[in-house]
Amino acid sequence: MRRVYFDHVATTPVHPQVMEAMLPYFRDIFGNPQSLHDFGEEARGAVEEARGQVADLIGARREEIIFTSCGTESDNMALKGVALAHQKKGKHIITS
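In full-length UniProt numbering, the protein residues as written are 1 to 96.
Pasting the structure below:
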């Protein structure tokens with residue numbers, strides 16, 4: 001029987017082209033982009049290059065592109081943004 005994976009929200013297989021594109025960052029440019037040492041600065045440069053590429057792709061400004069560490073952080077950031085934008089309209093948000 002063929003196995004089927006339905007939990008792509010949690011993790012998903014990596015496409016071979018994505019793996020190939022990411023190899024330099026797994027192998028060579030692996031520093032923490034928040035660190036001040038050379039490895040961190042190299043990684044930060046790669047992150048900033050990616051930020052520019054994403055911005056260009058969607059017609060945004062670089063400073064509008066925010067990378068988060070997980071879906072929960074992204075969801076919270078979006079909800080806080082909506083709450084702040086509408087704070088004069090009320091104090092409650094209902095989500096599902």
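Here a beta-carbon is modelled for each residue, glycine too, at the ideal position from N, C-alpha and C. Note that the structure is predicted; figures quoted are calculated from it, not measured.
Inset, instruction - Please confirm if the segment 47 to 60 is in contact with the segment 68 to 81, defined as three or more CB-CB distances below 8 Å between the two stretches. - result: With fewer than three CB-CB distances shorter than 8 Å, the segment 47 to 60 does not count as touching the segment 68 to 81.
Inset, instruction - Identify which residue in L23, A21 and T72 has its Cα closest to the Cα of V9. - result: Start at 1 with the first residue of the sequence shown, and residue 9 comes out as number 9. Distance check between V9 and each of L23, A21 and T72 places T72 closest, using alpha-carbon atoms only.
Inset, instruction - Taking 9 Å as the cut-off, decide whether the C-beta atoms of T95 and L84 are in contact. - result: Along the sequence shown, read from residue 1 onward, the residue named residue 95 stands at position 95. Along the sequence shown, read from residue 1 onward, the residue named residue 84 stands at position 84. It is not a contact, given that the beta carbons lie outside the stated cut-off.
Inset, instruction - Would you give the residue range spanned by the alpha helix (DSSP H) that K80 belongs to? - result: Working through the sequence shown from its first residue, we reach residue 80 at position 80. Counted as a single uninterrupted DSSP element, the alpha helix (DSSP H) harbouring K80 occupies residues G71 to A85.
Legend entry - residue 98 in three-state terms, based on DSSP: Residue 98 falls outside the range modelled here, since the chain spans only 1 to 96, and no answer is possible.
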